[in-house]
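Structure, as structure tokens:
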Amino acid sequence: MIPRLLPLLLLAAAPVAAQLRLYVVDGQTEQPVPALLDLGEAYVGDRNDLRLRVRNTGPGRATIDRLSVSGRDFSLQSEPTIPHPLAPDASVDFRVRFSPQNYGTSFSAVLTFNTTTVLLVARAAAVPTLLVETGGRRVPASTLDGVPFGEVKTGGTTAVRFHLVNETPITATLSRLEVRGTSFQGPIGLAPPVRLSPNASAAFDVAFTPSSNGAQEGWLLVGDRPVKLTGVGVAPPFPKPIVVLEPATPGNNSAARLSVRFGVASPSAGSGTLELAVRAGAAADDAVQFVSPTSGRRLDFTVAAGDTVAAFGDRREVVFQTGTVAGELVFTAKIGQWSETFVLPLNPAPVEFTEAKAARATGALEVNLTGFDNTRSLTRLAFTFFGRDGAPLPQGAVTVDVTGDFSRYFASSTLGGAFTLRASFPVSGDSSAISAVEVEATNPAGAARSKRLSF
Numbered sequence: 031m032i033p034r035l036l037p038l039l040l041l042a043a044a045p046v047a048a049q050l051r052l053y054v055v056d057g058q059t060e061q062p063v064p065a066l067l068d069l070g071e072a073y074v075g076d077r078n079d080l081r082l083r084v085r086n087t088g089p090g091r092a093t094i095d096r097l098s099v100s101g102r103d104f105s106l107q108s109e110p111t112i113p114h115p116l117a118p119d120a121s122v123d124f125r126v127r128f129s130p131q132n133y134g135t136s137f138s139a140v141l142t143f144n145t146t147t148v149l150l151v152a153r154a155a156a157v158p159t160l161l162v163e164t165g166g167r168r169v170p171a172s173t174l175d176g177v178p179f180g181e182v183k184t185g186g187t188t189a190v191r192f193h194l195v196n197e198t199p200i201t202a203t204l205s206r207l208e209v210r211g212t213s214f215q216g217p218i219g220l221a222p223p224v225r226l227s228p229n230a231s232a233a234f235d236v237a238f239t240p241s242s243n244g245a246q247e248g249w250l251l252v253g254d255r256p257v258k259l260t261g262v263g264v265a266p267p268f269p270k271p272i273v274v275l276e277p278a279t280p281g282n283n284s285a286a287r288l289s290v291r292f293g294v295a296s297p298s299a300g301s302g303t304l305e306l307a308v309r310a311g312a313a314a315d316d317a318v319q320f321v322s323p324t325s326g327r328r329l330d331f332t333v334a335a336g337d338t339v340a341a342f343g344d345r346r347e348v349v350f351q352t353g354t355v356a357g358e359l360v361f362t363a364k365i366g367q368w369s370e371t372f373v374l375p376l377n378p379a380p381v382e383f384t385e386a387k388a389a390r391a392t393g394a395l396e397v398n399l400t401g402f403d404n405t406r407s408l409t410r411l412a413f414t415f416f417g418r419d420g421a422p423l424p425q426g427a428v429t430v431d432v433t434g435d436f437s438r439y440f441a442s443s444t445l446g447g448a449f450t451l452r453a454s455f456p457v458s459g460d461s462s463a464i465s466a467v468e469v470e471a472t473n474p475a476g477a478a479r480s481k482r483l484s485f
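Quick note, the sequence shown lines up with residues 31 to 485 if you use our numbering.
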């Protein structure tokens, strides 16, 4: 009998191949690393980094067993500790750095990742030295805190000469040579790309042409290295500003117009300021200010070439208030080298009533006064009452010493000499027998009398 042979089947799970892949990372994009990876150029003493990523694209756990780079001037940065396990779809980043310490046409190295090798290539770039002509000699631009072009009148031009010198043993190629800044122009006489053999040089100019006065700034870009350019635009001297008032001598509690004029046409455009100050001891008066085109005590103005009158926005004059304090209003116009003042004196004067009313109240007569005392030192009020026949009452004027009351009021007021007052006089008997009243106010400048006020 022939025995039967039965197959013995041994079933086991087949091993799953791990799939670790190497990518070049650019922002959010991953690209597979080629067999030859170019790291580009780096200046001697500088560095160029390339970001790489290892990702586990398989369904099982995988391990980085080896990660290294061999080759002069190449190194790994932020690399993971080896061995380094990765779960499915997990990744880890590191960088390959090229930092040449010597000149040479090309450099190479080998990047080893587990059993995979990648050839790395790079080049050491030569950057020419930038020299600046200043004071009759050539100075490296790197030793200057910006290249100064000095002061130039607006509309004028000056130029500075630069030299590119290749002091390296290899050919230097400069693909970028650019000037930025509205007042700077160039490069004049040389255009990129610039190729310089060892010890060769090339010259070019940069011009500075300011269109406005004041400090100006620009940049000269030599490759990826910026060089600061500085200059100052100086406007031709402005003519002397003259402050003109209309009316010429306004008094207190009034509005007047003002303009800033020039004896001759301005040779250039520019801007200035007009300021208003009060010289009146310790008195404060918020009413003293410009009110048009804007409020405040400081305004900006502009002057165009050929102007004889300054402009405040779209206007040629401003309106201001004189307030209610004796003293001086000082107007200061500043432009260019000029700072000219005009002083408007406001002399001490008797009290002025701007509004006065008399009225009957139950059992009393009331007098309401609004006005100002530019000396801020009112001392006496006198009330003279009149009968039906128009004659003063035989009792004479009712006099009140208000020195203390007004002294305390003005000490806390920021409204200059302005005040409002209500006086009440109790009446016994028939008040209709009193028909009117006049008020006299006294300060150190004299006495002022109101018109007759009817009840």
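Glycine included, each C-beta is placed from N, C-alpha and C at the ideal position.
Below 8 Å, is the gap between the Cβ of residue i and the nearest heavy atom of the ligand ATP?
| i | result |
| --- | --- |
| L259 | The ligand content of the structure shown is nil, which means the ligand ATP is not present either. |
Leaving aside the five residues before and after residue i along the sequence, list all residues of the same chain whose C-beta is less than 7 Å from its C-beta, in chain order.
| i | result |
| --- | --- |
| G401 | V381, E382, F383, T384, F449 |
| L36 | Because L36 sits at a pLDDT of 34, beneath the cut-off of 50, its placement in the model cannot be relied upon, and the point is left open. |
| S322 | V348, V349 |
| P269 | F292, G293, V294, S296 |
| L66 | L149, V151 |
| V169 | L161, V162 |
Taking the C-alpha atoms as reference points, what is the distance between residue i and residue j?
| i | j | result |
| --- | --- | --- |
| G185 | E347 | 29 Å |
| N283 | V318 | 9 Å |
| T164 | P267 | 28 Å |
| A295 | V373 | 24 Å |
| F350 | G263 | 34 Å |
| G426 | A286 | 42 Å |
| A155 | S227 | 13 Å |
| S480 | A313 | 26 Å |
| E396 | L376 | 33 Å |
| L82 | N132 | 25 Å |
| V177 | N86 | 53 Å |
| V74 | R153 | 10 Å |
| A471 | R418 | 24 Å |
| G420 | L483 | 12 Å |
| A391 | F485 | 10 Å |
| D119 | Q61 | 16 Å |
| S121 | P199 | 43 Å |
| F342 | A233 | 48 Å |
| Y53 | F104 | 18 Å |
| L329 | V274 | 15 Å |
| S108 | G88 | 24 Å |
| A42 | Q49 | Here A42 scores only 31 on pLDDT, less than 50, and its place in the model is too uncertain to base an answer on. |
| G353 | E181 | 44 Å |
| V428 | I464 | 14 Å |
Give the C-beta separation of residue i and residue j to the nearest angstrom, bearing in mind that I take them to be a contact with Cβ-Cβ under 8 Å.
| i | j | result |
| --- | --- | --- |
| D430 | L408 | Before going further, note that residue 430 is Val rather than Asp in the sequence given. So it is not a contact: roughly 11 Å between Cβ atoms. |
| F143 | V84 | 7 Å |
| E247 | T239 | The pair is not a contact, with the Cβ atoms about 14 Å apart (cut-off 8 Å). |
| S298 | A335 | 5 Å |
| V195 | P158 | 6 Å |
| L306 | L250 | In fact, because the Cβ distance is near 46 Å, the residues do not count as touching under 8 Å. |
| T338 | F292 | 5 Å |
| P422 | F416 | 6 Å |
Could you check where the beta strand (DSSP E) with residue i kicks off and where it finishes?
| i | result |
| --- | --- |
| R127 | 121–128 |
| P375 | 368–376 |
| T203 | 202–204 |
| Y133 | Run containing Y133: none; DSSP gives neither H nor E here. |
| G417 | 410–417 |
| R191 | 188–195 |
| R291 | 285–292 |
| R51 | 50–56 |
| T164 | 159–164 |
| N86 | 78–86 |
| G244 | 244–252 |
With residue i as the anchor, note down where its alpha helix (DSSP H) starts and where it stops.
| i | result |
| --- | --- |
| D435 | 433–442 |
Going along the chain, which residues of its own chain have a beta-carbon closer than 6 Å to the beta-carbon of residue i, five neighbours each way excluded?
| i | result |
| --- | --- |
| R34 | Per-residue confidence for R34 stands at a pLDDT of 37, beneath the threshold of 50, marking its modelled position as unreliable; the derived number appears in the next sentence. Answer for R34: no residue qualifies. |
| A475 | P378, A379, P380, T405 |
| A245 | V262 |
| E197 | T159 |
| A230 | N196 |
| A388 | V397, V467, L483, F485 |
| A478 | P380, V381, A471 |
| Q215 | A237 |
| R452 | N398 |
What residues in its chain sit with their C-beta under 8 Å from that of residue i, if we drop five residues either side in the sequence?
| i | result |
| --- | --- |
| L39 | Bear in mind that a pLDDT of 31 at L39, under 50, signals an unreliable position, so the model cannot answer this. |
| V46 | Note on V46: pLDDT 35, under 50, position unreliable in the model; no value is reported. |
| L106 | L97, S98, V99, F124, R125, V126, R127 |
So is residue i in contact with chain C if we call contact Cβ pairs under 9 Å?
| i | result |
| --- | --- |
| Y53 | Given the protein chain composition of this structure (a single chain), no chain C is represented. |
| request: Would you check if the segment 242–262 and the segment 272–290 touch, i.e. whether three or more CB-CB distances between them fall below 8 Å? | output: These segments do not touch.
| message | Tell me whether the segment 364–371 and the segment 449–462 touch, counting them as touching only if at least three CB pairs, one residue from each stretch, are closer than 8 Å. | response | no
| Using 8 Å as the threshold, is the segment 112–127 in touch with the segment 86–104, meaning 3 or more CB pairs across them? | yes
| task | Would you be able to state if there are at least three C-beta pairs under 8 Å between the segment 157–177 and the segment 101–112? | result | no
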